[in-house]
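**Student:** Reminder that position 92 of the first sequence reads as 91 in numbering that gives the first Met the number 0, one-by-one numbering, no gaps.
All C-beta atoms, glycine included, are put in the ideal place defined by N, C-alpha and C.
Given the structure is predicted, the values throughout are model-derived calculations rather than measurements.
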Amino acid sequence: MELRGRGGMTSLTGKERPYRFEVSASAAEVCKRFSGLEPGEESGASVSVAGRIMLSRPQGRYVFIQLKDSGGSIQLFGVEGVAKDLKELGRLSLGDWVGATGEVVRTRRGELSVKVTTWVLLAESRHGLGDKWKGVSDVELRYRRRELDLWVNDESRARLVARSAMISHLRRWLEGRGFIEVETPILHPVAGGASARPFVTHHNSLDADLYLRIAPELYLKRLVIGGFERVFEIGRVFRNEGISPRHNPEFTMLELYQAYADYRDLMVLCEQLVSDLAREITGSTRLVYGDRVLDVTPPWRRATMFELISEHTGVDVSVEMPLSELRRLASGLGVPVQDGWGPGKAVLEIYEKTTEANLWDPVLVCDYPKEVSPLAREHRSAAALAERFEAVLAGRELANAFSELADPDEQRARFESQMALRAHGDEEAMELDEDYLRALEDGLPPTAGMGIGIDRLAMLLLNAQSIREVIAFPTLRPAGGSFRGPASAGLAGVSGDDREIFEQ
RNA sequence: GCGCCUCUAGCUCAACUGGCAGAGCAACGGACUCUUAAUCCGCAGGUUCGGGGUUCAAGUCCCCGGAGGCGCACCA
Numbered sequence: 000m001e002l003r004g005r006g007g008m009t010s011l012t013g014k015e016r017p018y019r020f021e022v023s024a025s026a027a028e029v030c031k032r033f034s035g036l037e038p039g040e041e042s043g044a045s046v047s048v049a050g051r052i053m054l055s056r057p058q059g060r061y062v063f064i065q066l067k068d069s070g071g072s073i074q075l076f077g078v079e080g081v082a083k084d085l086k087e088l089g090r091l092s093l094g095d096w097v098g099a100t101g102e103v104v105r106t107r108r109g110e111l112s113v114k115v116t117t118w119v120l121l122a123e124s125r126h127g128l129g130d131k132w133k134g135v136s137d138v139e140l141r142y143r144r145r146e147l148d149l150w151v152n153d154e155s156r157a158r159l160v161a162r163s164a165m166i167s168h169l170r171r172w173l174e175g176r177g178f179i180e181v182e183t184p185i186l187h188p189v190a191g192g193a194s195a196r197p198f199v200t201h202h203n204s205l206d207a208d209l210y211l212r213i214a215p216e217l218y219l220k221r222l223v224i225g226g227f228e229r230v231f232e233i234g235r236v237f238r239n240e241g242i243s244p245r246h247n248p249e250f251t252m253l254e255l256y257q258a259y260a261d262y263r264d265l266m267v268l269c270e271q272l273v274s275d276l277a278r279e280i281t282g283s284t285r286l287v288y289g290d291r292v293l294d295v296t297p298p299w300r301r302a303t304m305f306e307l308i309s310e311h312t313g314v315d316v317s318v319e320m321p322l323s324e325l326r327r328l329a330s331g332l333g334v335p336v337q338d339g340w341g342p343g344k345a346v347l348e349i350y351e352k353t354t355e356a357n358l359w360d361p362v363l364v365c366d367y368p369k370e371v372s373p374l375a376r377e378h379r380s381a382a383a384l385a386e387r388f389e390a391v392l393a394g395r396e397l398a399n400a401f402s403e404l405a406d407p408d409e410q411r412a413r414f415e416s417q418m419a420l421r422a423h424g425d426e427e428a429m430e431l432d433e434d435y436l437r438a439l440e441d442g443l444p445p446t447a448g449m450g451i452g453i454d455r456l457a458m459l460l461l462n463a464q465s466i467r468e469v470i471a472f473p474t475l476r477p478a479g480g481s482f483r484g485p486a487s488a489g490l491a492g493v494s495g496d497d498r499e500i501f502e503q
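1) Out of 18, 448, 58, 380, which one is the CA nearest neighbour of residue 228?
2) Between 143, 98, 114, 422, which has its C-alpha nearest residue 123's C-alpha?
3) Residue ranges of each alpha helix (DSSP H) run of no fewer than 4 residues wholly in the region 444–480, ordered along the chain?
4) Determine the extent of the beta strand (DSSP E) in which residue 330 is found, giving its start and end residues.
5) So what's residue 482 in DSSP terms, helix, strand or just coil?
6) Return the chain-ordered list of same chain residues with a C-beta closer than 6 Å to the C-beta of residue 398, the five sequence neighbours on each side being excluded.
7) Contact defined as beta carbons within less than 8 Å: I believe residue 262 pairs with residue 220. What is the distance between those atoms, to the nearest angstrom?
8) Would DSSP call residue 508 helix, strand or coil?
9) Just list the residues that DSSP pairs residue 268 with in beta bridges.
10) Taking 7 Å as the limit between beta carbons, can you name the residues of its chain near residue 317, skipping five residues before and five after?
11) Span of the beta strand (DSSP E) holding residue 118?
12) With 16 other CB atoms within 10 Å as the buried threshold, where does residue 472 fall?
13) Quick check: the Cα distance between residue 499 and residue 205, rounded to an integer number of angstroms?
14) Here's a check: name, in chain order, each residue in its chain whose Cβ is nearer than 6 Å to the Cβ of residue 156, leaving out the five neighbours to either side.
15) Work out the CA separation of residue 51 and residue 136 for me, nearest whole Å.
16) Assign residue 193 to one of two classes, buried (16 or more other C-beta atoms within 10 Å of its C-beta) or exposed (fewer than that).
17) So what's residue 350 in DSSP terms, helix, strand or just coil?
18) In its own chain, which residues sit with a C-beta less than 6 Å from the C-beta of residue 101, not counting the 5 before and 5 after it?
19) If you measure between the beta carbons of residue 71 and residue 30, is that distance less than 8 Å?
20) How is residue 294 classed by DSSP in three states: helix, strand or coil?
21) Using only alpha-carbon positions, find the residue among 248, 200, 264 that is nearest to residue 400.
22) Any idea which residues DSSP pairs residue 390 with across the strands?
23) With three or more beta-carbon pairs closer than 8 Å as the criterion, would you say the region 222–242 touches the region 267–281?
24) Would you call residue 215 buried or exposed, if buried means 16 or more other Cβ atoms sit within 10 Å of its Cβ?
25) Who are the Cβ neighbours of residue 328 in its own chain at under 7 Å, not counting the five residues just before and after it?
26) Should the region 450–464 be regarded as contacting the region 284–295, the criterion being three or more beta carbon pairs within less than 8 Å?
27) Leaving out five residues before and five after residue 250 in sequence, what residues of the same chain have Cβ atoms less than 6 Å from its Cβ?
28) Count the other CB atoms within 10 Å of the CB of residue 432; is the residue buried (16 or more) or exposed (fewer)?
29) May I ask which residues mark the beginning and end of the beta strand (DSSP E) holding residue 254?
Next comes the structure, spelled out in structure tokens:
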């Protein structure tokens, strides 16, 4: 991108870049503390503020600058004879960072201001901030140069601030209920805990391929086996799949595990967690999402997958049906059933294609087929089902939870049938994890676990239609020229240890 | 991965059925003693996403490629 010429403009070139600036008050604090000041009145109090210049109006012997910091805006008021280097102050550019000290006054026209005595240029903006009225609205520019977007579009900044508050509350909420936060590996020798295709990476010294985790699930349950009765992790997981307004290849997942509990306990926990966060972040449990209202006030409806399919299609299905019968019903509903699918997968497919997207109000969809739930415990009253539920809000899955399968022999058998699916070309089927089986042999108490997509939750609470709006730097295709991958960085032909020389 | 749509100055956008690529803001030079998207005068700014084709003539029509948005598929 072309650099903006600075011409005769006040510049840092040839000057010493400041190492620090002592800020005595934020813009918001100044506004609050001096709100009672009358037009033309001078407070007698001196403050130092700092921020970015959003607007500048040099006018003869006066200079008016709108300075924005992380929480608000304040005007700098430069007056000839009072402000140091007034001419230079007026030549600062939109986007420059400046620190200024002076008396808090309200101008005759009523604008609360810092009447500058001294000031210092903290950093200069070589590219500017876009259109001063319309800012930057090009979606691609907003994501590729998010730092610019954050200055120019207040909603973008507000969303990320709210996301941070949401996660902060979430931590406190869980900690208040006896959960402790843990961190488990992101580099996995076996990508387990979910059905998804992983990213592959390589460790040079070990000369081993490793996977970026698709879920922290198995390690978290090993911590339960290790005696951590209530654990959670909030962390990034990676799935090598398509990108859409609801999918980012790396996303943030909450997983929690509670010993001595079953999936019914988590139903209560889930609806309380989401409704409490909604109240905390938006002030209400009646969310506005798009042009509709989503009422997350507990209790949420509980219904089995089979009841919901029946409601939405008028067709009664069951996992006990012969596969041929299920195929016939599925094709009647326009749902193709692939070879190699069992009845459970067929039922799940019918549910997902005909029913899930039509569920608006929160529903806890209960009792998934065991066949498609390889880590969930068999239902206590139906052998073909698992004690599993998903929380569906606004037609999308928000949470997935189950009573955990603790029997190592049963788990081995489930892994083996997954491996059989893999052998038949299902790349998302799970791999057998011997370390996990070995851990189960040391004894997992009755435990229930749940995963919640944090980005999806943020979308619901912050009324975002695209997942990218709640992620600071969403994954984009590398733009020509500005991206340097390993191959183009000149390291492609450099092997093993030699590479360290270049990367240090 | 497939389908539809979009891409013009730093930013936001114009340019009729193909007929000299423009404006506002930003930037640059200047004026201005309380501004609020200040105002005024002046100046400059382009590989119209890239490549090829049709045509006397292409921002505009056709083909190939790139990036983005939306939908589908996959998933959370």
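**Tutor:** Inspection of the coordinates gives the following:
1) For the residues 18, 448, 58, 380, the minimum Cα distance to residue 228 belongs to 448.
2) 98
3) 453–461
4) From DSSP, residue 330 is part of no beta strand (DSSP E) but of the alpha helix (DSSP H) over 322–331.
5) Per-residue confidence for residue 482 stands at a pLDDT of 34, beneath the threshold of 50, marking its modelled position as unreliable; no derived number is given.
6) 269, 390, 449, 451
7) About 15 Å separates the two Cβ atoms, so there is no contact after all.
8) Any property of residue 508 remains undetermined from this structure, which presents the chain solely from 0 to 503.
9) The partner list for residue 268 (beta bridge, DSSP) is empty, contrary to what the question assumes.
10) 305
11) 111–122
12) exposed
13) Note on residue 499: pLDDT 28, under 50, position unreliable in the model; no value is reported.
14) 149
15) 20 Å
16) buried
17) helix
18) 113, 114, 115, 116
19) Taking 8 Å as the cut-off, the beta carbon of residue 71 is found closer than this to the beta carbon of residue 30.
20) For residue 294, the three-state secondary structure derived from DSSP is strand.
21) 264
22) 363, 398, per the DSSP bridge assignment.
23) No, because fewer than three Cβ pairs between the region 222–242 and the region 267–281 fall closer than 8 Å, the two stretches do not touch.
24) buried
25) 314, 316
26) Yes, since at least three Cβ pairs between the region 450–464 and the region 284–295 fall closer than 8 Å, the two stretches touch.
27) 454
28) buried
29) 249–258
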